[in-house]
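A.B. asks: With the numbering used here applied, the sequence shown covers -11 to 188.
Glycine included, each C-beta is placed from N, C-alpha and C at the ideal position.
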Amino acid sequence: MIYLIRHGQTELNREGRVQGASGDAPLTPLGEAQAKAVGKALAAIMAREGGDWRITCSPMGRTRRTSAIIADAMGLSPPAEADARLIEINYGALEGMLREEIDARWPHLAGVRGIFIDAPEGEPLTVAQARAAAWLADAHAGGGHVVAVAHAGIGRVIRALYAGQGEAELRLMDTPQDAFHRLHEGRVARIDCAPLALPG
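1. Less than 8 Å between the beta carbons of Gly39 and Gly130, yes or no?
2. What is the DSSP secondary structure of Leu124, reduced to helix, strand or coil?
3. Where do the N-terminal and C-terminal ends of the alpha helix (DSSP H) with Tyr(-9) fall, by residue?
4. May I have the straight-line CA-CA distance separating Thr163 from Trp41, to the nearest angstrom?
5. Can you tell me the Cβ-Cβ gap for Leu15 and Tyr(-9), rounded? I've got them flagged as a contact below 8 Å.
6. What's the C-alpha gap between Glu111 and Leu86?
7. Please report the distance separating the alpha-carbon of Ile90 from that of Glu3.
8. Are the region 113 to 127 and the region 147 to 156 in contact at 8 Å, needing three or more beta carbon pairs?
9. Note down the Cα distance separating Leu18 from Pro66, rounded to an integer number of angstroms.
10. Excluding five sequence neighbours on each side, which residues of the same chain lie with their C-beta closer than 6 Å to the C-beta of Thr51?
Have a look at this one:
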C-alpha cells in the first residue's frame, strides 16, 4: 500500500510562484504544521493496521524536511531514503514565475490547469511518466506500507498512472498539502487530516 504525500507549504508556494525541479524553498510555519498533521494521521493508520512501514522522499529540501517531520510523528527512523524518481517535474521557463506573469507571457496557457504538461523548455510528460512508472513498480515489489513524500506535479502523474487515468483527468487532480492519497488495489483515495488550529 502506498501513501502519497505532497510536501508542506513553502515560501514559494505562499507567494504563488511555480516551484519545480530547479527551485527550492523552506517550509513555512503552516507547511511544518501540515507535515505534522499528516504524520499524526499516518501514525493512527499505522497503529490500526500494523505491518512493515518505510518512508521515502524526493531529494529536494522541502520534501526532506516534510518527511523528517512525518517520520518523527510516526516513530519511524529518519532520514527517509531519497529517490530521485520522486523529484518534481522540471517546469522549464515557468519556474519561479507567478501565474499572472505566465499568463501574460504565454497567453495560450491562460486558465489552463496542469500547466507543467505544457511548460516551455520543461520536462516532457512522457519522461515524467516513465520515472513514475518505474518508481511505482519498485514500490509495489518492496511490499508493506510505503510513505512517499513528493510534489504536486509528479504526484499527479503517479496517481494517474496508478488509476489508469489520462491527461485530461491528470490536469484536474487536486494537490493538497493538508491531505494525502492512499493507493491500494488500483484505487486512489484522498485522506484528509484534522483541521489545523492556526492563530486568527
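C.D. replies: Reading off the structure:
1. Numbered from 1 along the sequence shown, position 51 holds the residue referred to as residue 39. Numbered from 1 along the sequence shown, position 142 holds the residue referred to as residue 130. Taking 8 Å as the Cβ cut-off, Gly39 and Gly130 do not qualify as a contacting pair.
2. Here residue 124 corresponds to residue number 136 of the sequence shown, with the count starting at 1. Looking at Leu124 - three-state DSSP - the assignment turns out to be helix.
3. Position 3 of the sequence shown, counting from 1, holds the residue named residue -9. It is not in any alpha helix (DSSP H) - Tyr(-9) instead sits in the beta strand (DSSP E) that spans Ile(-10) to Arg(-6).
4. Stepping through the sequence shown from its first residue, residue 163 is reached at position 175. Stepping through the sequence shown from its first residue, residue 41 is reached at position 53. Whole-angstrom Cα-Cα distance: 24 Å.
5. Residue 15 sits at position 27 when you count from the first residue of the sequence shown. Residue -9 sits at position 3 when you count from the first residue of the sequence shown. 19 Å between Cβ atoms; not a contact.
6. Residue 111 sits at position 123 when you count from the first residue of the sequence shown. Residue 86 sits at position 98 when you count from the first residue of the sequence shown. Straight-line measurement puts the Cα of Leu86 at about 19 Å from the Cα of Glu111.
7. Counting from 1 along the sequence shown, the entry for residue 90 is found at position 102. Counting from 1 along the sequence shown, the entry for residue 3 is found at position 15. Approximately 14 Å between the Cα atoms of the pair.
8. Taking a cut-off of 8 Å for Cβ pairs, the region 113 to 127 and the region 147 to 156 touch, as three or more such pairs fall below it.
9. On the sequence shown, position 30 is the one that residue 18 refers to. On the sequence shown, position 78 is the one that residue 66 refers to. Their backbone Cα atoms lie some 22 Å apart in a straight line.
10. As a position in the sequence shown, residue 51 is number 63, starting the count at 1. Closer than 6 Å at Cβ, skipping near neighbours: His(-5), Cys45 and Val137.
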